[in-house]
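Written below as structure tokens is the structure these notes are about.
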Amino acid sequence: MQAPVSPARIVEAPVSQKNPENPENSAPARPDGQKPVSRSHTGPMHPACDMLKNVRFAGTLVPHSFHRHIRRESGTTDFEGVGIMSDILYHYRPAEIRDRKTGRITGYRQRFRGDKFQISYRQYAEHYGIST
1 MQAPVSPARI VEAPVSQKNP ENPENSAPAR PDGQKPVSRS HTGPMHPACD MLKNVRFAGT
61 LVPHSFHRHI RRESGTTDFE GVGIMSDILY HYRPAEIRDR KTGRITGYRQ RFRGDKFQIS
121 YRQYAEHYGI ST
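Note that full-length UniProt numbering gives residue 107 to position 107 of the sequence shown, counting from 1, and the numbers run on in steps of one.
Structure follows, in structure tokens:
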């Protein structure tokens, strides 16, 4: 059973503006006169979502489009290819340089040395457990 969330932890969603030209996309008026709440979230935040709002994820991220475009000849998603492409994307994504005292971003740097990222097919095969 889920524990109740205290009112202090409930984050009010941004208020959407009523658009007379497109009433379907505007938030419904509330009979009690309070501000309308966004349609995307109308209740208290789930505790797991609340905990994750402050987590900064690092490492490879997989864009959804990779699953649509990186395919085998049979038409199925090539998951090894998706993993390798997301790893390449990670290495080309600039790393943030932060001030140690303030935590503010002061610049960016590339994640690899030299003029381009270099890794062998054998290294990728070992990393992803792919037989060559």
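For every residue, glycine included, the Cβ atom is placed at its ideal position computed from N, Cα and C.
query                                                                                                                  : result
Report buried or exposed for I119, applying the criterion of at least 16 other Cβ atoms within 10 angstroms of its Cβ. : exposed
For Y90, which residues does DSSP report across the bridge?                                                            : Its beta-bridge partners do not exist; DSSP assigns none.
What's the call for S105, buried or exposed, on a 16-neighbour Cβ count within 10 Å?                                   : Reading off the sequence, residue 105 comes out as Ile, not Ser. I105 comes out exposed.
Taking the alpha helix (DSSP H) that R68 falls in, what are its first and last residues?                               : H64 to H69
Can you look up I119 in the DSSP assignment and give me helix, strand or coil?                                         : coil
Give the straight-line distance between the Cα atoms of F79 and F117, rounded to the nearest whole angstrom.           : 21 angstroms
Thinking C-alpha only, which one of A95, G81 and R113 is nearest S57?                                                  : Note on residue identity: the sequence assigns Phe, not Ser, to residue 57. When only C-alpha atoms are compared, the closest one is A95.
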